[in-house]
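Contents: one structure, followed by commentary.
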Amino acid sequence: MEKIVIRTTKRKQMVDITGQVSSIVQRSNVKTGLCFVFIPHTTCGITINENADPSVRDDLLFFLCELVPENSGYRHSEGNSDAHIQSSIVGQSVSIIVQDGNLALGVWQGIFLCEFDGPRTRSVWVQILDIRSS
Amino acid sequence: MEKIVIRTTKRKQMVDITGQVSSIVQRSNVKTGLCFVFIPHTTCGITINENADPSVRDDLLFFLCELVPENSGYRHSEGNSDAHIQSSIVGQSVSIIVQDGNLALGVWQGIFLCEFDGPRTRSVWVQILDIRSS
Amino acid sequence: MEKIVIRTTKRKQMVDITGQVSSIVQRSNVKTGLCFVFIPHTTCGITINENADPSVRDDLLFFLCELVPENSGYRHSEGNSDAHIQSSIVGQSVSIIVQDGNLALGVWQGIFLCEFDGPRTRSVWVQILDIRSS
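Residue numbers (the working numbering), protein chains in the order written: chain B, 51 to 184; chain C, 51 to 184; chain A, 51 to 184.
What follows is the structure, given as structure tokens:
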């Protein structure tokens with residue numbers, strides 16, 4: 051397992067981690083396989099979306115903040131129930147096919163850590179599965 | 051990696067791709083493993099849900115359209131922010147266990163490409179991981 | 051494939067299945083790999099979230115019930131369209147890295163079966179992928 055450390059700077063933030071995940075895949079020397087990316091946290095998430103126009107990630111984050119308000123009579127007393135809920139909507143992992151030693155992403159796709167309760171230091175765990183030719 | 055090409059016909063549409071994914075699994079001759087299905091797009095998604103009564107997929111699609119309106123003061127100027135957001139809610143991949151050379155799905159489960167910004171030609175990428183007996 | 055059987059007791063309920071998944075991983079003798087957990091149903095889901103304070107899972111479940119009302123003019127006539135929609139929002143599978151023969155979860159993370167149309171008897175299917183050192 052490889053680990054990436056991300057220092058977020060806002061309460062709600064989308065951080066493009068495509069380059070860091072891609073580097074791990076290239077260093078692994080796995081040519082064909084699957085790259086599994088996991089967030090060991092319960093108040094952030096991970097998703098794949100457009101990384102060309104930054105307004106796409108802004109729209110996604112704004113939508114999730116409107117959908118799940120910060121204060122809404124939650125029972126959990128730490129004041130971050132919105133972040134827990136957003137985490138389960140977006141999900142805690144993504145997987146991407148590895149082909150020719152690289153991440154096989156669509157033209158417009160990037161991998162984003164979704165910070166929902168920052169600023170914090172976040173870990174991203176990456177496990178690569180090698181499909182050896184038989 | 052195997053590829054499926056789907057031609058969608060509406061802006062919002064659920065397309066049952068269970069049969070096509072199942073065929074790839076059967077042709078692969080993998081008996082035990084995992085079938086990973088990935089959408090290399092940022093304005094569609096993929097999900098597993100009931101494929102018996104078509105009204106289930108209609109209800110899901112209608113709900114997502116109501117939840118994320120097409121026009122809502124988004125910053126992204128291409129007019130498809132709703133589709134990007136719906137993509138991250140539903141997700142861009144599903145995985146299914148392969149057993150006895152077939153997809154191990156529940157009785158009522160089917161795999162659906164969720165078109166959120168069609169009509170378009172969409173690709174679905176399938177990678178099968180073989181678990182050989184040791 | 052290993053199977054866990056869960057008997058839910060309410061229509062909407064979060065059931066912590068971390069211990070049962072963890073036991074399967076330990077019994078498998080796989081030291082390094084990936085644990086894939088799949089729900090073969092279309093009216094429940096599975097997610098990872100905090101398992102320390104039970105109010106977190108209550109807040110998540112309450113939010114999903116408010117977001118997707120039980121009755122809302124759905125077309126599907128079985129009266130459980132809300133459950134089908136909640137299933138696709140949360141998702142039908144999670145994957146967790148296996149390291150040193152155990153699930154590699156974050157400190158606060160647990161695995162939850164999300165019952166959206168209980169009480170019912172539910173199955174959880176677990177497939178472990180072994181990454182042997184080459």
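Ideal placement from N, C-alpha and C gives every residue a C-beta, glycine not left out.
Does the CB of N79(C) have a neighbour CB from chain A at under 8 Å?
no
Taking buried to mean at least 16 other C-beta atoms within 10 Å of its own C-beta, is T92(A) buried or exposed?
buried
Would a check of beta-carbon distances place T68(C) closer than 8 Å to chain A?
Answer no: the Cβ-Cβ gap between T68(C) and chain A never drops below 8 Å.
Between which residues of its own chain and Y124(B) is the CB-CB distance below 7 Å, once the five residues before and five after are set aside?
S131
I54(B) and V140(B) - do their beta-carbons sit closer together than 8 Å?
I54(B) is positioned such that its CB atom lies no closer than 8 Å to that of V140(B).
Determine whether the Cβ of E165(C) lies closer than 8 Å to any Cβ atom of chain A.
no
How would you write the range of the alpha helix (DSSP H) that V106(C) sits in, first residue to last?
Where V106(C) is concerned, the enclosing alpha helix (DSSP H) stretches over P104 to L117.
To the nearest angstrom, how far is the alpha carbon of L153(B) from that of F88(A)?
25 Å
What three-state label does DSSP hand S122(A) in the structure shown?
coil
Which residues in chain C have a C-beta closer than 8 Å to the C-beta of T92(A)? List them in chain order.
I98, N99, E100, V106, G156, W158 and Q159
Kindly say whether I86(B), judged by its beta-carbon, lies nearer than 8 Å to any beta-carbon of chain A.
Here the sequence assigns Phe to residue 86(B), which means Ile is not the residue at that position. Taking Cβ atoms only, chain A reaches closer than 8 Å to F86(B), which makes this a yes.
Terminal residues of the continuous beta strand (DSSP E) containing G160(B)?
Q159 to E165
Could you check the C-alpha separation between C94(B) and I146(B) for me, to the nearest Å?
19 Å
Answer with yes or no whether the minimum CB distance from V176(C) to chain A is below 8 Å.
no
Taking the alpha carbon of N79(A) as the reference point, which residue from F162(A), E165(A), V148(A) and C164(A) has its own alpha carbon closest?
V148(A)
Might you give, ordered along the chain, the residues of its own chain that have their beta carbon closer than 6 Å to the beta carbon of Q159(C), omitting 5 neighbours on each side?
I98
Can you tell me which of the three DSSP states I214(A) falls into?
With chain A represented from 51 up to 184, any question about residue 214(A) goes unanswered, as that position is not in the structure.
In the DSSP assignment, find the unbroken beta strand (DSSP E) run with S143(A) in it and report its ends.
S143 to Q149
Out of curiosity, what's the CA-to-CA distance linking V144(A) and V176(A)?
10 Å
Shortest alpha-carbon distance to T59(A) belongs to which of T171(A), I181(A) and I67(A)?
T171(A)
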